[in-house]
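The next block holds one structure in the form of structure tokens; read it before the comments.
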Amino acid sequence: MKKKDIKILLVDDEQDILEIVGYNLSQEGYQVITATNGKEAVSKAKKEIPHLIIMDVMMPEMDGMEACEHIRRIPELTNVIITFLTARSEDYSQVAGFEAGADDYISKPIKPKVLVSKVKALLRRLKEEEVQGDVLNVGGIEVNREEYKIVQNGTEIVLPRKEFELFYLLASKPGKVFKREEILDKVWGNEVVVGGRTIDVHIRKLREKIGDDVFKTIKGVGYKLEV
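Just so we're on the same page, this note's numbering is the position in the sequence shown counted from 1, plus 90.
Structure, rendered in structure tokens:
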């Protein structure tokens, strides 16, 4: 993917940040879209479908945490990379950011050249996704979404569709703490109303079929859920 085709949504309520960061990213050849608060960020993200969102945390109308959670619930934005750019560097703030769905965390102040380098590193994930397509390789297991097939040590494991979708979702972001509402929305959608414990049942079945050791080697994927 060429730089001119990559869209970056920059969100901050400080105009000087938008101008300085936006200028440096534009100079690199990226398309830069700006927003001044979380509510506007959600709206523009829906419209533009950016590849990367760089967002402040403390903003009026809707803060970055809430905006991130909203964006993560939009199906078209499932794969967008989100990083917070904020002066709040306390551990609890970073943890909250990751739990809200962020992929990374950049602390202010940061030199423009360093920020550009960080952005390039984040965007390398896009290239990895392009190469991998719908095939994931995690914990010694190949997960092929197009063929709904899981292969472990050369042996194919047959899973019901919902169990497969659940495992694919969890394996797509190793270590991420998923909210139950997010899993229900992305795996079950509007098909049927199910309780949160349904997820536990499906995960128990997956651990029995695939092996508990697999989940442990993928940094907790499959059982780190928000209660």
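A virtual CB, placed ideally from N, CA and C, is assigned to each residue, including glycine.
(Q) Out of 152, 128, 167, which one is the CA nearest neighbour of residue 141? (A) 167
Q) Where does residue 98 sit, in a helix, a strand or coil, going by DSSP? A) strand
Q | Cβ distance (whole Å) where residue 215 is taken to contact residue 171 below 8 Å | A | 6 Å
Q) When burial is assigned at 16 or more other CB atoms within 10 Å of the CB, is residue 245 buried or exposed? A) exposed
Q. Counting Cβ pairs closer than 8 Å, one from the segment 203-213 and one from the segment 230-247, do we hit at least three?
A. no
Q: State buried or exposed for residue 222, treating a residue as buried only when at least 16 other CB atoms are found within 10 Å of its CB.
A: Low confidence applies to residue 222: its pLDDT is 48, below 50, so where it sits in the model is not reliable enough to give any reading.
Q.
Considering just the uninterrupted stretch of the alpha helix (DSSP H) at residue 329, what are its terminal residues?
A. There is no way to answer for residue 329, as the model of the chain reaches only from 91 to 317.
Q) From which residue to which residue does the alpha helix (DSSP H) around residue 132 run? A) 128-138
Q: Compare the C-alpha of residue 149 against each of 227, 127, 232, 240 and name the closest.
A: The shortest C-alpha separation from residue 149 is found at 127.
Q | residue 195 (DSSP reduced to helix, strand or coil) | A | Looking at residue 195 - three-state DSSP - the assignment turns out to be strand.
Q: Please specify which runs of the alpha helix (DSSP H), each continuous and at least 4 residues long, are wholly inside the segment 242-280, giving them in chain order.
A: Listed in chain order, the alpha helix (DSSP H) elements of length 4 or more contained wholly in the segment 242-280 are 251-262, 270-273.
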